[in-house]
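This report refers to the structure that appears directly beneath it.
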Amino acid sequence: MEQPTDHKNVSSADKYKNFESTEKSNHGRLPTISEADARQAFLEYAKRHTGYSSTPAKEMSIENIKALKIYRYSLRTFYEERETAWKTCPYYGGEVDGPSNGTAPNPKNMRVYRPYWFVTGEKTIIVPHTSKVQLCICCAGKRMVPCPPLIVCMMCLGSGLYYPGRCFSCGGTGRVRCGLCFGRGRVRCIPCIGQGRMITFLQMKIKWKNHFDKFVSNRNSEFPSEKVDKVSGKTIFSDEDTLVRPVTAFSDPSINESFRNILKEHAKLSKHYKILRQHQKIELVPLSKVYYEWKGEHGAYYVYGVENKAYCDSYPKRCVIM
Ligand SMILES: [Zn+2]
Ligand SMILES: [Zn+2]
Ligand SMILES: [Zn+2]
Numbered sequence: 658m659e660q661p662t663d664h665k666n667v668s669s670a671d672k673y674k675n676f677e678s679t680e681k682s683n684h685g686r687l688p689t690i691s692e693a694d695a696r697q698a699f700l701e702y703a704k705r706h707t708g709y710s711s712t713p714a715k716e717m718s719i720e721n722i723k724a725l726k727i728y729r730y731s732l733r734t735f736y737e738e739r740e741t742a743w744k745t746c747p748y749y750g751g752e753v754d755g756p757s758n759g760t761a762p763n764p765k766n767m768r769v770y771r772p773y774w775f776v777t778g779e780k781t782i783i784v785p786h787t788s789k790v791q792l793c794i795c796c797a798g799k800r801m802v803p804c805p806p807l808i809v810c811m812m813c814l815g816s817g818l819y820y821p822g823r824c825f826s827c828g829g830t831g832r833v834r835c836g837l838c839f840g841r842g843r844v845r846c847i848p849c850i851g852q853g854r855m856i857t858f859l860q861m862k863i864k865w866k867n868h869f870d871k872f873v874s875n876r877n878s879e880f881p882s883e884k885v886d887k888v889s890g891k892t893i894f895s896d897e898d899t900l901v902r903p904v905t906a907f908s909d910p911s912i913n914e915s916f917r918n919i920l921k922e923h924a925k926l927s928k929h930y931k932i933l934r935q936h937q938k939i940e941l942v943p944l945s946k947v948y949y950e951w952k953g954e955h956g957a958y959y960v961y962g963v964e965n966k967a968y969c970d971s972y973p974k975r976c977v978i979m
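According to the working numbering, the sequence shown holds residues 658 to 979 in order.
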């Protein structure tokens, strides 16, 4: 098996600086949509909703399009969980990797082939030089254990009598042949499955997992943040490292604070697990507020995401066919 090669260390002071300048230039020119796209989005919105007439979307005159923005921050932490436990199984022969072969490594520091970054999985391995073969305690290595050749007859419950005379099942002896050993007086030992010896070793179970969190910075109180989950944004910052650093490039300190808090939460994983890799990403999700006029009625709706989806909390009432 080949150890997957690590990605190049992409995080550097320069990268964070570049991001800052990108973010600054973005303030100047937010992505805007054309009137045609805004109308098309509204038309599709009407089509998606049963009972909504598409007339207002066709006839309205667009008065203004205001470009707004939503940031979506996501953090993925790839970590490893290691658990060890002593295991004992029947020994069927073969090589025993015991302490005479060397000192057992500390399971926490053992080098283990892991999957690619952010790919979940699990693996069970035997810690080297921890195996030991011993006689089975149950049978003392004899492979067989005693078993009574005769057992109490269930028909007469040992009395030998069954109305009106002798028990027909045991012939009046009150005992019948044991069905486990067929009267031989011994059976195969169960814990060692008749092998007479047991092997004990330290087993380590490793699990690779991902922890994911996201945060949406939305300053537009009328626009529900959860809508953003279903659309794409434009990645303006992407960073990967063993431990990523908090992004502090936003002029709004509360946004930076939110990023830092998510990072802090993920850092708590290191109490019980080993963090192997982190990936953080910031996307700018386009959002436009479109003001329109239709038959003297003024209204507004939002167009959001790279997909240009529309959202409206007050579709012109008289166009809703009940
Ligand atoms: Zn045994
Ligand atoms: Zn028996
Ligand atoms: Zn009987």
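Virtual Cβ for every residue (Gly too), placed ideally from N, Cα, C.
Practice item. Report yes or no: do the segment 782-798 and the segment 841-860 share at least 3 C-beta pairs separated by less than 8 Å? Key: yes
Point to revise | Local Cβ density within 10 Å of Q791, reported as buried at 16 or more and exposed below that | key: By one-based count along the sequence shown, residue 791 stands at place 134. It is exposed - the Cβ of Q791 has fewer than 16 other Cβ atoms within 10 Å.
**Study point:** Spatial neighbours of T745 in its chain, beta-carbon cut-off 6 Å, leaving aside the 5 residues before and after
**Key:** On the sequence shown, position 88 is the one that residue 745 refers to. So the qualifying residues of the chain are M855 and T857.
Review point. Based on the DSSP output, what are the partners of K1022 in its beta bridges?
Key: The displayed coordinates of the chain run from 658 to 979. Any statement about residue 1022 would go beyond what the structure contains.
Review point. Between the Cα of R834 and the Cα atoms of V809, Y819, F825 and G822, which residue gives the shortest distance?
Key: Counting from 1 along the sequence shown, the entry for residue 834 is found at position 177. Nearest of V809, Y819, F825 and G822 to R834, Cα basis: V809.
Check your understanding: If we cut at 8 Å on Cβ distances, does T892 have a partner in chain D?
Key -> Protein chains in the displayed structure number just one, and chain D is not present.
Review point. Which value, in whole angstroms, describes the spacing of the CA atoms of S895 and R902?
Key: Taking the sequence shown and counting its residues from 1, one reaches residue 895 at position 238. Taking the sequence shown and counting its residues from 1, one reaches residue 902 at position 245. Their backbone Cα atoms lie some 12 Å apart in a straight line.
Review point. Residues in its own chain within less than 6 Å of L807 by CB, not counting five upstream and five downstream?
Key: Position 150 of the sequence shown holds residue 807. Here the set comprises R832.
Exercise for review: Find the nearest neighbour of T741 within the set D754, I727 and K780, judged by alpha-carbon distance.
Suggested key: As a first step, residue 741 must be located in the sequence shown, where it is residue number 84. Answer by Cα proximity: K780.
Check your understanding: How big is the Cα-Cα spacing for G755 and K871?
Key -> Translated into positions along the sequence shown, residue 755 becomes position 98. Translated into positions along the sequence shown, residue 871 becomes position 214. About 48 Å.
Point to revise | Boundaries (first-last residue) of the alpha helix (DSSP H) holding R876 | key: Here residue 876 is taken as the residue at index 219 of the sequence shown, counted from 1. First-last for R876: undefined, no H or E at that position.
Point to revise | Rounded distance between the beta-carbons of V885 and R729, thought under 8 Å | key: For this step, residue 729 is matched to residue 72 along the sequence shown. For this step, residue 885 is matched to residue 228 along the sequence shown. Indeed they touch by this definition, with Cβ atoms about 6 Å apart.
Practice item. Evaluate the contact criterion for the segment 929-942 versus the segment 701-715: three or more CB pairs, one atom per stretch, below 8 Å. Key: No, the segment 929-942 is not in contact with the segment 701-715.
Check your understanding: Roughly how many whole angstroms lie between the Cα atoms of P772 and G778?
Key -> For this step, residue 772 is matched to residue 115 along the sequence shown. For this step, residue 778 is matched to residue 121 along the sequence shown. Between P772 and G778, the C-alpha separation is close to 7 Å.
Point to revise | Y820 in three-state terms, based on DSSP | key: Within the sequence shown, residue 820 is the residue found at index 163, counting from 1. Of the three classes helix, strand and coil, the one that applies to Y820 here is coil, per DSSP.
**Study point:** P848 beta carbon near ligand 1 (any heavy atom closer than 7 Å)
**Key:** Counting from 1 along the sequence shown, the entry for residue 848 is found at position 191. At least one heavy atom of ligand 1 is nearer than 7 Å to the Cβ of P848, so yes.
**Study point:** Cβ distance (whole Å) where V960 is taken to contact A698 below 8 Å
**Key:** Counted from its first residue, the sequence shown places residue 960 at position 303. Counted from its first residue, the sequence shown places residue 698 at position 41. About 5 Å; that satisfies the 8 Å criterion.
Review point. Of all the alpha helix (DSSP H) runs that stay within the bounds of the segment 700-743, which reach a length of 4 or more residues?
Key: The qualifying runs are 712-716.
Point to revise | Burial state of P910, where buried means 16 or more other Cβ atoms lie within 10 Å | key: Counting from one through the sequence shown, the residue named residue 910 turns up at place 253. So P910 ends up on the exposed side.
Practice item. Run the CB neighbour count on W865, radius 10 Å, all protein chains shown included, and call it buried at 16 or more, exposed below. Key: Here residue 865 corresponds to residue number 208 of the sequence shown, with the count starting at 1. Under this definition W865 is a buried residue.
**Study point:** Boundaries of the alpha helix (DSSP H) in which S915 is found, first to last residue
**Key:** Here the question's residue 915 lines up with position 258 in the sequence shown. Taken as a continuous stretch (DSSP letters only), the alpha helix (DSSP H) holding S915 covers P910 to A924.
Check your understanding: At a cut-off of 7 Å, is R800 close to ligand 1 when judged by its beta-carbon and the heavy atoms of the ligand?
Key -> Against the sequence shown, residue 800 aligns to sequence position 143. Yes, ligand 1 has a heavy atom inside 7 Å of this Cβ.
Check your understanding: Apart from the five residues on each side of it in sequence, which residues of its chain come closer than 6 Å, Cβ to Cβ, to G829?
Key -> Residue mapping note: residue 829 aligns to position 172 of the sequence shown, counting from 1. Answer for G829: G817 and R823, listed in chain order.
Exercise for review: Determine the DSSP secondary structure at Q697, reduced to helix, strand or coil.
Suggested key: Position 40 of the sequence shown, counted from the first residue, corresponds to residue 697. Three-state result, Q697: helix.
Review point. Where does E964 sit, in a helix, a strand or coil, going by DSSP?
Key: Stepping through the sequence shown from its first residue, residue 964 is reached at position 307. The answer is coil: DSSP assigns E964 none of H, G, I, E or B.
Check your understanding: Helix, strand or coil: how does DSSP classify E779 here?
Key -> On the sequence shown, residue 779 is found 122 positions in, with the first residue counted as 1. Reduced to three states, the DSSP call for E779 is strand.
**Study point:** Straight-line gap, Y972 to S731 (C-alpha atoms, nearest Å)
**Key:** One-based indexing of the sequence shown puts residue 972 at position 315. One-based indexing of the sequence shown puts residue 731 at position 74. C-alpha separation (whole angstroms): 33 Å.
Check your understanding: By Cβ distance, which residues of its chain are closer than 8 Å to G840, with the 5 residues on each side in sequence left out?
Key -> One-based indexing of the sequence shown puts residue 840 at position 183. Result list for G840: P806, L807 and R834, in chain order.
Review point. Roughly how many angstroms lie between the CA atoms of F735 and Y702, to the nearest whole one?
Key: Mapped onto the sequence shown, residue 735 falls at position 78. Mapped onto the sequence shown, residue 702 falls at position 45. One alpha carbon belongs to F735, the other to Y702, and they sit about 38 Å apart.
Check your understanding: Is the beta carbon of V942 sitting closer than 8 Å to the one on V888?
Key -> Translated into the one-based positions of the sequence shown, residue 942 becomes position 285. Translated into the one-based positions of the sequence shown, residue 888 becomes position 231. Yes, Cβ-Cβ distance for V942 and V888 is below 8 Å.
**Study point:** Expected contact under 8 Å - CB spacing of Y819 and M811 to nearest Å
**Key:** Counted from its first residue, the sequence shown places residue 819 at position 162. Counted from its first residue, the sequence shown places residue 811 at position 154. Contact between Y819 and M811 is ruled out by a C-beta separation of about 11 Å, above the 8 Å threshold.
Point to revise | Span separating the alpha-carbon of M767 from that of E914 | key: Here residue 767 refers to the residue found at position 110 when the sequence shown is read from its first residue. Here residue 914 refers to the residue found at position 257 when the sequence shown is read from its first residue. Spanning the two alpha carbons is a distance of roughly 37 Å.
Exercise for review: Give the straight-line distance between the Cα atoms of A967 and L859, rounded to the nearest whole angstrom.
Suggested key: Taking the first residue of the sequence shown as position 1, residue 967 is located at position 310. Taking the first residue of the sequence shown as position 1, residue 859 is located at position 202. Approximately 59 Å between the Cα atoms of the pair.
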